[in-house]
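Enquirer: Take a look at the following structure, please.
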Amino acid sequence: EAKERGEGGYQRYRPGMEARGAERNRLTAALLAALDQDELVLRYQPVVTLPEGRLTGVEALVRWQHPERGLLGPGEFIPGAEETGLIVPLGRWVLREACRQATAWIDDLGDLAPGTMSVNASARQLQEPGFAAEVAAALRDSGLAAGRLTIEITESTAVGGGATQDNLRGLRALGVRLSLDDFGTGASTLSLLANCPVDQIKLDRSFAPGPGPDAIAGAVLQLARALGVEAVAEGVETPAQAAKLGDLGYVRAQGFHFARPMTPEDVGAGIRARQVTELAGSFSARP
Ligand code: C2E
Ligand code: MG
Ligand code: MG
Ligand code: MG
Numbered sequence: 606e607a608k609e610r611g612e613g614g615y616q617r618y619r620p621g622m623e624a625r626g627a628e629r630n631r632l633t634a635a636l637l638a639a640l641d642q643d644e645l646v647l648r649y650q651p652v653v654t655l656p657e658g659r660l661t662g663v664e665a666l667v668r669w670q671h672p673e674r675g676l677l678g679p680g681e682f683i684p685g686a687e688e689t690g691l692i693v694p695l696g697r698w699v700l701r702e703a704c705r706q707a708t709a710w711i712d713d714l715g716d717l718a719p720g721t722m723s724v725n726a727s728a729r730q731l732q733e734p735g736f737a738a739e740v741a742a743a744l745r746d747s748g749l750a751a752g753r754l755t756i757e758i759t760e761s762t763a764v765g766g767g768a769t770q771d772n773l774r775g776l777r778a779l780g781v782r783l784s785l786d787d788f789g790t791g792a793s794t795l796s797l798l799a800n801c802p803v804d805q806i807k808l809d810r811s812f813a814p815g816p817g818p819d820a821i822a823g824a825v826l827q828l829a830r831a832l833g834v835e836a837v838a839e840g841v842e843t844p845a846q847a848a849k850l851g852d853l854g855y856v857r858a859q860g861f862h863f864a865r866p867m868t869p870e871d872v873g874a875g876i877r878a879r880q881v882t883e884l885a886g887s888f889s890a891r892p
């Protein structure tokens, strides 16, 4: 079974699965039922320090435990959920579950718990007038400190209208951290950084060092430093990439080289194992 799974630990996209009307409607109805029947689950991918590989936080990544099709990745249902508006209740569930898990780890592991919980939010969620209030409620109900929650948005979300700008201000006022995900792939990056203060940028994995020059990765780090913004390198798959990023000066990274998205149980076990052995190497995880 494991062999059939893609790199993210879920089944690969199969051509023909997509989005004709009828199929889309069927998916929507099924996703609504899935929300109701607790078929959504979260995996958590460690964010680590460079060069030590010490855990600093996790990113929550949603999957759908489909009764017939197995564990589905977000690429198979998030676009449909965004189109239909189902992303709003889905995202609310993700947010609340991630905050609950973050608090459970803190209760269990104390200082060893992941320092921050990152949650992805879609443009459609930020356009909802009540989004910042929902985040406030999730923090209140879980008991998680606002400063331990990071909301990840993309460049195109950040320039959005509707209630987006009010929500971004509201989140900042709460003390929630904001991260610009997939940095460098969107439009209007520089004017955006000038106008939309964020706490973190995540260098898109397409800019992770390859065999060629690492001009972009280096320049983005300089930009982040100049702005006083934390930089995270995403999609680090090899020891060579980790070493190059460390040489460039990156101190935060995420990627399969360090750990894949993991069940909450595996994250807890990984942290406990490291505590016992006091390993300073990469945060090791089952593939
Ligand atoms: P993202 O936020 O940029 O998340 C990182 C994605 O890269 C994850 O894919 C992760 O599994 C994958 N990844 C991590 N390390 C590596 C690596 O070394 N190499 C490669 N090739 N990939 C790596 P995943 O879990 O399939 O999620 C895809 C996207 O779906 C996310 O991209 C995010 O935009 C969206 N997404 C996931 N969960 C949620 C959610 O709860 N809400 C919303 N709105 N979107 C979500
Ligand atoms: Mg993300
Ligand atoms: Mg990303
Ligand atoms: Mg992405």
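Converting from the sequence shown to full-length UniProt numbering requires adding 605 to each position, the first position being numbered 1. Even for Gly, the Cβ is constructed at its ideal location relative to N, Cα and C. Predicted, not measured: the structure shown is a model, and the values here were computed from it.
(1) Which class does Thr-868 belong to by DSSP, given the choice of helix, strand or coil?
(2) Report the CB separation of Glu-757 from Asp-786 in whole angstroms; it is logged as a contact under 8 Å.
(3) Please list the segments of the alpha helix (DSSP H) lying wholly inside the region 698 to 751, counting only runs of 4 or more residues, in order along the chain.
(4) Can you tell me whether DSSP reads Arg-753 as helix, strand or coil?
(5) Mind listing which residues have their beta carbon within less than 5 Å of any non-hydrogen atom of ligand 2? Chain order is fine.
(6) Report whether the distance from the Cβ of Lys-807 to the nearest heavy atom of ligand 3 is below 7 Å.
(7) Can you check whether the CB of Val-667 is closer than 8 Å to the CB of Val-693?
(8) Could you name the residues of the same chain whose beta carbon sits closer than 6 Å to that of Ala-718, not counting the 5 residues immediately before and after it, in chain order?
(9) Are Ala-813 and Gly-840 touching if we call contact CB-CB under 8 Å?
(10) Assuming Thr-769 is part of the alpha helix (DSSP H), what are its boundary residues?
(11) Who pairs with Gly-696 in a beta bridge, going by DSSP?
(12) Give every residue of the same chain whose Cβ lies closer than 8 Å to the Cβ of Gly-662, excluding the five residues on either side of it in the sequence, and list them in chain order.
(13) Using a threshold of 8 Å, state whether the C-beta atoms of Ala-836 and Arg-857 are closer than that.
(14) Check whether the region 624 to 641 and the region 805 to 824 are in contact - that is, three or more C-beta pairs closer than 8 Å.
(15) Are there 16 or more other CB atoms within 10 angstroms of the CB of Gln-706, so buried, or fewer, so exposed?
(16) Near Leu-779, which residues of its chain fall below 8 Å by C-beta distance, leaving aside the five closest residues on each side in sequence?
(17) Quick check: the Cα distance between Gly-873 and Met-867, rounded to an integer number of angstroms?
(18) By a C-beta neighbour count over all protein chains shown, 10 Å radius and 16 as the cutoff for buried, is Ser-747 buried or exposed?
(19) Does the beta-carbon of Ser-811 have 16 or more other beta-carbons within 10 angstroms, so that it is buried, or is it exposed?
(20) Could you pull the start and end residues of the alpha helix (DSSP H) that Pro-846 belongs to?
Expert: With the given structure in hand:
(1) In the structure shown, Thr-868 sits in coil (DSSP, three-state: anything other than H, G, I, E or B).
(2) In this structure Glu-757 touches Asp-786 by the C-beta definition: roughly 4 Å separates them, less than 8 Å.
(3) 728 to 731, 736 to 747
(4) helix
(5) Asn-725, Glu-757, Asp-786
(6) yes
(7) no
(8) Result list for Ala-718: Trp-710, Ile-711, in chain order.
(9) yes
(10) Unbroken alpha helix (DSSP H) run through Thr-769: 769 to 779.
(11) Beta-bridge pairing links Gly-696 to no other residue.
(12) Scanning its chain for C-beta atoms nearer than 8 Å, with the 5 sequence neighbours on each side dropped, one finds around Gly-662 the residues Pro-651, Val-652, Pro-719, Gly-720, Thr-721, Met-722, Ser-723, Thr-755, in chain order.
(13) Taking 8 Å as the Cβ cut-off, Ala-836 and Arg-857 qualify as a contacting pair.
(14) no
(15) buried
(16) Ala-737, Val-740, Ala-741, Leu-744, Ala-751
(17) 10 Å
(18) The residue is buried, with at least 16 neighbouring Cβ atoms inside 10 Å.
(19) With fewer than 16 other beta carbons inside 10 angstroms of its own, Ser-811 counts as exposed.
(20) Note on residue identity: the sequence assigns Gln, not Pro, to residue 846. Per DSSP, the continuous alpha helix (DSSP H) segment holding Gln-846 begins and ends at 844 to 853.
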